[in-house]
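The first sequence begins at 1 in the UniProt record's numbering and counts up one residue at a time. Think of the CB as a built atom: it goes at the ideal place given N, C-alpha and C, for glycine as much as any other residue. Notes for the one structure printed next.
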Amino acid sequence: MKIGYPCMNNSLDCTSASTFRLASYYEERLVQTVASNLACLRRILEYNVAHGLLFFRIGSDIVPFASHAVNTFPWQTHFAAEFRALGDYIKAHGMRISLHPDQFVVLNSPNPDIVQRSIAELVYQGSMLDLMGLDSTAKLQIHLGGLYGDREAAIARFIAVWHTLPPAVQIRVVVENDDRLFSLQDCLQLHAATGLPILFDNFHHECLNHGEPMAEALRLAAATWHPTRDGVMMMDYSSQARGERKGKHVSAMEEDLFQDFLQQLQGLDVDIMLEIKDKEASAHRACSILRNLALVPAAPAGYVPPIFPEAGQPVAAKSRKPRKSAAAGPAG
DNA sequence: CGTTGTCAAGTGCTT
DNA sequence: AAGCACTTGACAACG
């Protein structure tokens with residue numbers, strides 16, 4: 001079992017999601033930004049290894065405008081060595097990686113332009129995993145898409161588009177049950193038609209289900225992951241923020257609920273992504289709980305116990321990077 | 001230097 | 001018809 005958190009680390013003074021406005025796009029700035037993002041990603045991974053957090057979701061903004069027509073820079077070859085080194089590091093430490101393209105990726109849209117843009121985004125994100133040399137257990141996590149007033153037609157369109165995906169992308173795509181439109185049952189129907197694995201989200205399942213108990217839902221989702229091709233089932237874990245809109249994620253892990261959830265696993269092996277606002281802080285807590293239950297290995301050599309911050313207090317102040325000066329302005 | 005409106009991209013729901 | 005929410009975060013303009 002591996003524990004992870006998505007995209008950002010609040011303890012480090014860097015971000016791997018630096019971007020800029022389309023209006024201020026120019027190539028030199030792109031190169032500078034990607035280099036900076038990859039350097040920060042490396043630091044985040046090192047932090048994770050040092051703290052025994054072996055599951056991580058890489059953000060979508062590593063290469064700004066990667067699937068936009070404005071970006072014609074061959075970043076894949078320019079940064080090949082950097083991506084390769086990251087992949088070597090990931091493999092050397094047995095880390096698991098996922099990416100989660102955002103809401104603009106809608107494979108079942110009736111609009112063919114949107115479908116094409118969605119595929120381009122998947123190709124971009126999948127190619128990062130390819131460049132890192134990671135196998136098909138590194139996944140691209142998406143939702144089924146829109147409903148458009150006809151559930152069966154919406155699912156059928158997804159299946160039709162899925163069959164047209166490049167094989168390198170197809171083998172990485174996994175579908176997550178969402179909290180309003182497409183339930184675990186819909187995802188199982190999709191799995192039956194395509195064989196693609198279901199990334200199970202416990203909180204979404206609580207919001208939208210057909211009465212399946214959590215333990216049963218977990219087993220159903222786990223059975224969709226091919227042991228060698230896909231690896232151990234990935235899942236998202238969260239819980240309801242009290243007093244907030246239904247579906248709103250908590251800001252810090254509620255340890256009792258997490259302990260209750262672990263009981264529902266009934267021995268099932270999963271890699272758990274904590275979709276909780278305070279990121280690595282909750283991941284540390286989860287890891288600590290799992291170490292006590294002997295579900296994850298003892299702390300790695302040289303492990304420094306994290307200082308749990310008070311609620312709302314950042315561990316380290318973010319220091320702003322110096323502004324890029326006008327020296328790198330567009331040609332002239 | 002702090003504040004705040006805005007940002008490539010989609011969909012469904014609420015007002 | 002328009003605004004909002006979705007892992008919101010971070011850029012960029014303005015004072």
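Requested in this report: Rounded to whole angstroms, what's the CA-CA distance from E121 to L293? Just pull it up for me.
Outcome: In a straight line, the C-alpha of E121 is about 40 angstroms away from that of L293.
Query - Whole-angstrom C-beta distance between T33 and T15, which should lie under 8 angstroms - result: The pair is not a contact, with the Cβ atoms about 10 angstroms apart (cut-off 8 angstroms).
Query raised in the report: Would a C-beta distance cut-off of 7 angstroms place Q141 and L199 closer than the cut-off?
Result: yes
Query raised in the report: Hey, quick one: how far does the beta strand (DSSP E) through M185 stretch, first residue to last?
Result: The sequence given here has Gln at residue 185, not Met. Looking at the DSSP string, Q185 is not in any beta strand (DSSP E); the run it does join, the alpha helix (DSSP H), is 184 to 194.
Query raised in the report: Any idea if V70 is buried or exposed, counting beta-carbon neighbours within 10 angstroms, 16 or more meaning buried?
Result: Exposed, by the Cβ-count rule.
Query raised in the report: How big is the Cα-Cα spacing for A311 and D150?
Result: Bear in mind that a pLDDT of 36 at A311, under 50, signals an unreliable position, so the model cannot answer this.
Requested in this report: Within its chain, find whatever has a CB closer than 8 angstroms to the CB of D102; leave out the 5 residues flanking it on each side and keep chain order.
Outcome: Excluding residues up to 5 positions away in sequence, S60 lie with their Cβ nearer than 8 angstroms to the Cβ of D102 in the same chain.
Query raised in the report: Should A252 and D236 be called a contact, given that it needs their Cβ atoms to be closer than 7 angstroms?
Result: Not closer than 7 angstroms, so no.
Query raised in the report: For P6, which residues does DSSP report across the bridge?
Result: R57
**Report entry** Rounded straight-line distance, which links the Cα of I44 to that of A92
**Finding:** 15 angstroms
Report task. Counting only the same chain and skipping the five closest in sequence on each side, list residues whose C-beta sits under 6 angstroms from that of G231. Result -> T137
Query raised in the report: Is M95 closer than 7 angstroms to L54 when the C-beta atoms are compared?
Result: In this structure, M95 lies closer than 7 angstroms to L54 by Cβ.
Query raised in the report: Are G52 and A217 closer than 7 angstroms when you measure CB to CB?
Result: no
Query raised in the report: On the three-state DSSP scale, how would you describe K248?
Result: coil
Query raised in the report: Does the stretch 157 to 173 come within contact of the stretch 123 to 136, defined as at least 3 CB pairs closer than 8 angstroms?
Result: yes
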